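Position one of the sequence shown corresponds to residue 1 (full-length UniProt numbering), numbered consecutively onward.
A quick write-up on the structure given underneath.
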Amino acid sequence: MRISFERTGGFAGISKRTTLDTATLPPKEANELPRLVKAADLFKLPEQISSPHPQSDRFQYKLTVEDNGKQHTVTVSETALPETLRPLIEWLNHAAQKKS
């Protein structure tokens, strides 16, 4: 499984990007990432999840997941983040921070 993650926006407008591949992650992380993707039901989420009340200075997240020949991209605003997706976003934010 491979995930490209991008966070844009926020007060400072600093973007964060990372790409993770379970083939190159440590075993614990390589097991955790697919579990979080499955718990988020990511492949069933719409490509765009927008807030009905957009707010300036909020983060925007874009995830592209490739797994077993399937690919799906989801773009979601921080204010519209589904609870099922939150643990994956937090995990990816942490992973991106560690890589930078």
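Where is the CB? At the ideal position from N, CA and C, for every residue including glycine.
What you are looking at is a predicted structure, and each value in this text was computed from that prediction instead of being measured.
Bridge partners of residue i, per DSSP?
i, result
"Phe43", "DSSP, once it has assigned bridges, lists no residue as partnering Phe43."
"Val74", "Leu63"
"Arg17", "Glu6"
"Gln48", "Thr75"
Since I believe residue j is in contact with residue i (beta carbons under 8 Å), could you give me their beta-carbon distance rounded to a whole number of angstroms?
i, j, result
"residue 102", "Leu88", "Residue 102 cannot be examined here, being either before or after the span of the chain that is shown, 1 to 100."
"His72", "Leu42", "6 Å"
Considering only the beta carbon of each residue, do residue i and residue j sit closer than 8 Å?
i, j, result
"Leu45", "Ile3", "no"
"Arg17", "Asn93", "no"
"Leu81", "Phe5", "no"
"Arg58", "Glu83", "no"
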